[in-house]
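As structure tokens, the structure follows; a few thoughts come after it.
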Amino acid sequence: MKKLICLLLSGLLLLGTAGCSGNDENVSFNVADLASDLRDSLTFQDNIAEIEPEMACTLYGIKESDVEDTVVYISGGATAEEIAVVKAADKDAAKAVQNALEDRVKAQEKSYKDYNPGELDKLGKAVLSKAGNYVVLCISSDSDAAKKIISEYIK
2 MKKLICLLLS
12 GLLLLGTAGC
22 SGNDENVSFN
32 VADLASDLRD
42 SLTFQDNIAE
52 IEPEMACTLY
62 GIKESDVEDT
72 VVYISGGATA
82 EEIAVVKAAD
92 KDAAKAVQNA
102 LEDRVKAQEK
112 SYKDYNPGEL
122 DKLGKAVLSK
132 AGNYVVLCIS
142 SDSDAAKKII
152 SEYIK
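Its first residue numbered 2, the sequence shown is counted upward by one per residue in this note's numbering.
And the structure:
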């Protein structure tokens, strides 16, 4: 009986994993289009401005060789609002980018804790999505709307 249960659970795990990785592999979109949709569709308290890809890599501590394409918008510093859409060079690079963006959110939480505690809610609801070689971060006051926009690209 234990063997049968283990076999069934293993089969379900394999089916679930195959379904997820298959969807991730087929993801493809224009990073500039998603970044623009997020910027234009969401309301930001601060003006967010696009930064050069090289500056974005420096900001996040990402190797430029790990990035195939990226568009990043950051606030002037008064708020934590931010958009980063990255197409990584490969799966390993995508994981490194995801980790770097997670670290960015944590660092921002520490910075804004004393500087502007009102931003902690946005940071706590930051949207971070990874599919295939794409990683997306959106920090805004409307995380539900951001998730909806991102889901239109990451299907």
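Idealized CB from N, CA, C, for every residue including glycine.
Note that the structure is a prediction, hence the values are computed from the model and not measured.
Relative to the C-alpha of residue i, which residue among the options is closest?
i      : options                       : result
Ala33  : Ala147, Ala90, Ile84          : Ile84
Leu43  : Ala108, Ala146, Asp91, Gly133 : Ala146
Ile155 : Arg40, Gly119, Val106, Lys88  : Lys88
Ser106 : Ala95, Asp93, Leu121, Lys131  : Here the sequence assigns Val to residue 106, which means Ser is not the residue at that position. Of the listed residues, the one whose Cα sits closest to Val106 is Leu121.
Please state whether the Cβ-Cβ distance between residue i and residue j is less than 7 Å.
i     : j     : result
Ser76 : Glu69 : no
Ala50 : Asp67 : no
For residue i, which residues in the same chain have their Cβ closer than 6 Å to its Cβ, ignoring the five residues on either side in sequence?
i     : result
Ala57 : Thr71, Val73
Gln46 : Thr80
Around the C-beta of residue i, are 16 or more other C-beta atoms found within 10 angstroms, so that it is buried, or is it exposed?
i      : result
Asn31  : exposed
Ser29  : exposed
Ala79  : exposed
Glu26  : exposed
Tyr116 : exposed
Gly119 : exposed
For residue i, which residues in the same chain have their Cβ closer than 8 Å to its Cβ, ignoring the five residues on either side in sequence?
i      : result
Ile52  : Leu60, Val73, Tyr74, Ile75
Asp143 : Leu43, Thr44
Gly62  : Ala101, Asp104
Asn48  : Ser76, Gly77
Which first and last residues belong to the beta strand (DSSP E) in which residue i is found?
i      : result
Glu69  : 68-76
Ser130 : 128-132
Ala85  : 83-89
Considering only residues of the same chain and omitting the five flanking positions on each side of residue i, which have a CB-CB separation below 7 Å?
i      : result
Lys148 : Val128
Gln109 : Ala81, Leu124
Could you please give the first and the last residue of the uninterrupted alpha helix (DSSP H) stretch that includes residue i?
i     : result
Ser42 : 32-42
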